[in-house]
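Input: a single structure, listed below in structure tokens.
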Amino acid sequence: MKATLVANLTQAWQTLHQQGLLPDANPDRIEVVSTKNPRHGDYACNLALVLAREAKLDARELAEQIIQNLPENPDLLKADVAGPGFINFQLRPEAKAEIVDHILNQGANYGTRPPGSEQRVLIEYVSANPTGPLHVGHGRGAALGSCLARTLHAAGHTVECEYFINDAGRQMDILAVSVWLRYLELCGEPVAFPEAGYQGDYILDIAADRHRAHGNEWHASFENVQAGAPDDGPDEDGHNTYLDFLILRARDFLDDSTWAELVATATDILLERIRRDLDNFGASFDHWQSERELLDDGRVEKTIAQLREAGHLYELEGALWFRSSEFGDEKDRVVQRSNGQWTYFATDIAYHADKMARGYGTAINIWGADHHGYTGRVRAALQALGIDPKRLEILLVQFANLYRGKQKISMSTRSGEFVTLQSLQREVGRDAARFFYVMRKSDQHLDFDLQLAAEQSVDNPVYYVQYAHARICSILERAEDEDISVPENPCDLSPLTEESERALQKQLSRYPDAVLRSAQEREPHHLTVYLRKLAQEFHAYYNAVAVLVDEFAVCQARLRLIMAVRQTLGNGLNLLNIDAPESM
RNA sequence: GCGCCCGUGGCUCAGUGGAUAGAGCACUGGCCUCCGGAGCCAGGGGUCGCAGGUUCGAAUCCUGCCGGGCGCGCCA
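Residue numbers for the first sequence, in this note's numbering: 10 to 593.
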């Protein structure tokens, strides 16, 4: 309908152009919007206001001219000038009711575009370090990424999802030494566990697993391990010095293959748990890309060599630097340390170059807001490699601050006192957790009060939307019980004359816009806002008007209407990967 | 200090340059002998952080200031 109006307006514009009143017609400049206020008709257009200046005409006068030159449109009841020069369109009631049949014909496809009609997109999200279980901080990225993937798919993109496994670097040594020290405790050693080690209970589980598999094979006296160690403290630097000392000693006591096995098994166990948590949470991935693999198979070396050949690298104080400041970054960055090791940035350059080489039109990264200082250098590197940096979109998601009542909870992995995603799901349920996470714009901070979420889960808006769906199912079931036929095919919708019925139809027709906008802006919260509004319109309708009434024609039309509402609610909830229950 | 993000009812937040700025929570008062009361209806509560600017029109765009968050490693 909107498209038809744009076509009509284009034609009117064309005519006025031929009369020399207006510049050449450009449909892109025509904006037709669904009105908020029913007094303004069904659709409104600000074209006359936009063009009045160029045309050197009064806006209201120009609007009148445009209306005069609109072609015949059988769906249109009237078009008139309003306010400073808006053109308001009023549709015939029959034209508005068509949305009901349209939705029921389209079914699950209502609001979607044909698959593959848009570009290929890769979404990388979560990518939490495999050094501990997922916590509530990761949940927001997980919910956003999985909703976005479904929404972009619905908008016609071909979408793939990826998890980048940071299974290299110092953190892996910290993981291994943390497990080994707990293992030593199981062997009966009194261990002064490092403050900066990973302290969570899951480390104990892994240590116990290793102890079962290997007995006391890797045993060493902690007194010997610790001999000559600096104090653990007093500040962070001190904690790290002590930890690094223990790592070095551990590698003296254990041979390389044992160390590698320790790292590998710990990572595997943790990754398995991460996969399971994500799967339970409704976040799925097509690819799991290991950082270690990029280092081992030479892709990092190869990509850095490309940068070198292009003349973007230089050596300083024994390290290898990338001249990223020439590509808009604040300063140059090290890619290879003076000890010969690649930096994380180096592997990330290779990773992103590799992503782009795989042929995605756009790659979307969902990162925590604390990474924002990092985006410039990654873009700089892509540009230096001759890749258009605009193809990489980085969504920075603000943190979810966790509270229990007024008590703020720390989510540091090392301190071990975080709340896991799994436990959050147990407390408030998957549907509520997902809805809660994407209810707000991702660049807004989110205060997640566990106590409140658990206590008031009944008041959570997700139930409000689901209840609307269940209520409709219940009415339809009741209709069948009472042998009222539920119309499978289009029927006469002219009995839908109530104010609340018109409001419902209008809200239904806005669904495709909500999907499109969520996809274009990469903000699925538009969908949650839409669904709450649609549910609200339905609940109001339910209270205002009975569906199962004696007059056959009225009853049939109303059943068709609520079936369309059920379909639309179901489609929207599906994009959020939230259950649309038939009863609750 | 520099950079990025955010300031909207008491609280948590929506708001696509457009017409009288909207929800939920909380508060006050109503509503089925009837399709699910996890619901509905009504009411009070706002100088959209402040000051300029652009525009026919600004919560929205631009500049400055104030307040809050985050980031500024040869960490990952």
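Just so you know, even glycine gets a beta-carbon here, dropped at the ideal spot from N, CA and C.
Of the residues L85, L322, R282, the one placed nearest P102, counting alpha carbons only: L85
Nearest residue (CA-CA) to M10, options H26, N46, W351, A104: A104
Where the beta strand (DSSP E) through L329 begins and ends: 328-331
Option in A205, F262, Q77, Q208 with minimal Cα separation from H228: F262
Touching by the beta-carbon criterion (3+ pairs, under 8 Å), the region 478-489 and the region 523-530: By the Cβ rule, the region 478-489 does not count as touching the region 523-530, because fewer than three pairs are nearer than 8 Å.
Spatial distance of S299 from I174 (CA atoms): 5 Å
Extent of the continuous alpha helix (DSSP H) to which A217 belongs: 210-223 is the extent of the alpha helix (DSSP H) around A217.
Cβ-based neighbour list, T577, same chain, cut-off 8 Å, excluding 5 preceding and 5 following: I112, Y119, G120, L517, Y520, L543
Bridge partner(s) assigned by DSSP for A151: A151 has no beta-bridge partner at all, per DSSP.
Euclidean distance between Cα positions of R346 and H147: 30 Å
Alpha-carbon spacing of L502 relative to P496, whole angstroms: Inter-residue distance for L502 and P496 is about 11 Å (C-alpha atoms, whole angstroms).
Assigned secondary structure, D288 (DSSP; H/G/I helix, E/B strand, else coil): Shown here, D288 sits in a helix according to DSSP, grouped into three states.
Local conformation of A177 per DSSP, three classes: coil
Anticipated Cβ contact below 8 Å, T140 with L184, distance rounded: At roughly 5 Å, the Cβ-Cβ gap stays under 8 Å, so T140 and L184 are in contact.
Local conformation of L100 per DSSP, three classes: strand
L193 versus D176 - alpha carbon distance: 24 Å
CA nearest to the CA of Y134, picked from L461, A151, N82: A151
Supposed close pair E328, L252 - CB separation, criterion 8 Å: For clarity, residue 328 is Ala in the given sequence; the question names Glu instead. About 23 Å separates the two Cβ atoms, so there is no contact after all.
Stretch pair the region 195-210 + the region 238-253: three plus CB contacts closer than 8 Å: yes
Length of the line joining the Cα atoms of I96 and N46: Looking at the two C-alpha atoms, the distance is approximately 14 Å.
Rounded separation between K87 and R69 - CA only: R69 has its alpha-carbon roughly 16 Å from the corresponding atom of K87.
Continuous beta strand (DSSP E) assignments of at least 3 residues falling wholly in the region 369-395: 371-377
Cβ pair L213, V234 closer than 8 Å: no
Through-space distance from A362 to L280, alpha-carbon basis: Take the alpha-carbon of L280 and the one of A362: they are about 25 Å apart.
Pair within 8 Å by beta-carbon distance, A646 and V406: There is simply no residue 646 to check, as the chain begins at 10 and stops at 593 in what is shown.
Reduced DSSP category for T167 - H, G, I as helix; E, B as strand; rest coil: It is a strand residue.
Rounded separation between H380 and A523 - CA only: 29 Å
Segment limits, alpha helix (DSSP H) that includes L596: Since the first residue of the chain shown is 10 and the last is 593, residue 596 is not available in this structure.
Three-state secondary structure assigned by DSSP to S483: Reduced to three states, the DSSP call for S483 is helix.
Selection from F294, C196, Q180 that minimises the alpha carbon distance to R301: Q180
Rounded separation between G425 and A389 - CA only: Unreliable placement is indicated for G425, whose pLDDT of 49 sits below 50; no coordinate value is reported for it.
Coarse secondary structure for N78, derived from DSSP in three states: coil
F457, enclosing beta strand (DSSP E) - first and last residue: 455-458 is the span of the beta strand (DSSP E), which, as asked, contains F457.
N- and C-terminal bounds of the alpha helix (DSSP H) containing A442: 439-447
First through last residue of the beta strand (DSSP E) which encompasses Y539: Element bounds for Y539: not the beta strand (DSSP E) but the alpha helix (DSSP H), 534-553.
Opening and closing residue of the alpha helix (DSSP H) in which S527 lies: 520-529
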